Amino acid sequence: NVKLFYTARNMFELYLVVVPTYYEEDLRELPQMSALHYNNCMYLAHHLLTLGHQFLPKLPEHLKRGAATFVDMISPMRNLGEKCFEDQLRKQSHILLDILDGGGGFTDLYATLVEKSIQQVCLQLRKLSRVWKDILPENIYKSALGTLLNISLNKFLADILKLEVEA
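Written out as C-alpha cells, the structure is:
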C-alpha cells in the first residue's frame, strides 16, 4: 500500500513536469489543446483534494498519522492549467490586436481594410468559440471570450477616438 501511495504521487509529479514539456508547442499554438490541458489540470486538482482521504483507511498506521494526502500538489496542478490557458489568452489577444492594427486606420482610403480586419476579428472569435465551447466550463468559456471581445472593442474604440482627436 505504501508503494502504491508513492507511485500515485510520482504519477502526478510526472504529469506536472512531462505534459508541459512534451506538449509545449501544441499547448502554445493550439487553443483547443490549452483548453483541454486547463480542464485536465482542474480535474486532477479536484481529485487530488479527495484522493488522500479516500484511501487513508487503507494505508498503514505510520502514513495515517503523517497525514498522507495529495493536498500539497493541488496548487501546482491548478497553477499549471491556469498559466497555460492565460498564455493562450494572451496569444489570442495579440492576434486580435495585430488584425485590428492591419486595418490601416479609419479613413475612407482604408475603409475596405478596416471592414476586412473587423471581419477577421469576428471570424477569429467565432473560431475560438467553436473550439472552446464544448471543452471549457461555461463560466470560463464566457469569461475568456468576453475578455477577448473586450480587448478587441477597446482597441477598435480607441482607434475611432484617435481619429476624432486628429480631425
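If you use the UniProt record's numbering, the sequence shown corresponds to residues 1 to 167, in order.
Note that CB positions come from ideal geometry on N, CA and C, so glycine has one too.
Every value quoted in this text rests on a predicted model; they were computed, and no experiment measured them.
Inter-residue spacing [alpha-carbon to alpha-carbon] between residue i and residue j
i	j	result
E82	G146	17 Å
Y22	C41	15 Å
T50	I74	10 Å
F156	P76	37 Å
H47	F55	12 Å
N78	A45	Note that residue 78 corresponds to Arg in the displayed sequence, not to Asn. Each residue's Cα considered, the two are about 6 Å apart.
C122	Q92	13 Å
D87	E61	43 Å
S143	V2	42 Å
P137	L16	22 Å
Y38	A111	39 Å
L27	C84	7 Å
First and last residue of the uninterrupted alpha helix (DSSP H) at residue i
i	result
D72	No alpha helix (DSSP H) contains D72, which DSSP labels as neither H nor E.
G52	P31 to F55
Y23	Segment: none, Y23 is in no alpha helix (DSSP H) and carries neither H nor E.
Presumed contact (8 Å Cβ cut-off) between residue i and residue j, rounded CB distance
i	j	result
I135	A35	4 Å
L128	P31	6 Å
I140	L96	Between L96 and I140 the Cβ distance is about 18 Å, and since that is not below 8 Å, they are no contact.
P20	L80	6 Å
L149	L125	6 Å
F12	L59	Contact flag wrong, Cβ pair sits at about 17 Å.
R9	F70	7 Å
Contact test: residue i Cβ vs the ligand FMN heavy atom, cutoff 7 Å
i	result
R9	The ligand FMN is not among the ligands present in this structure, which contains no ligands whatsoever.
Tell me the start and end of each unbroken alpha helix (DSSP H) in the UniProt domain "ZW10 C-terminal helical" (116-164) that is at least 4 residues and wholly inside, in chain order.
none
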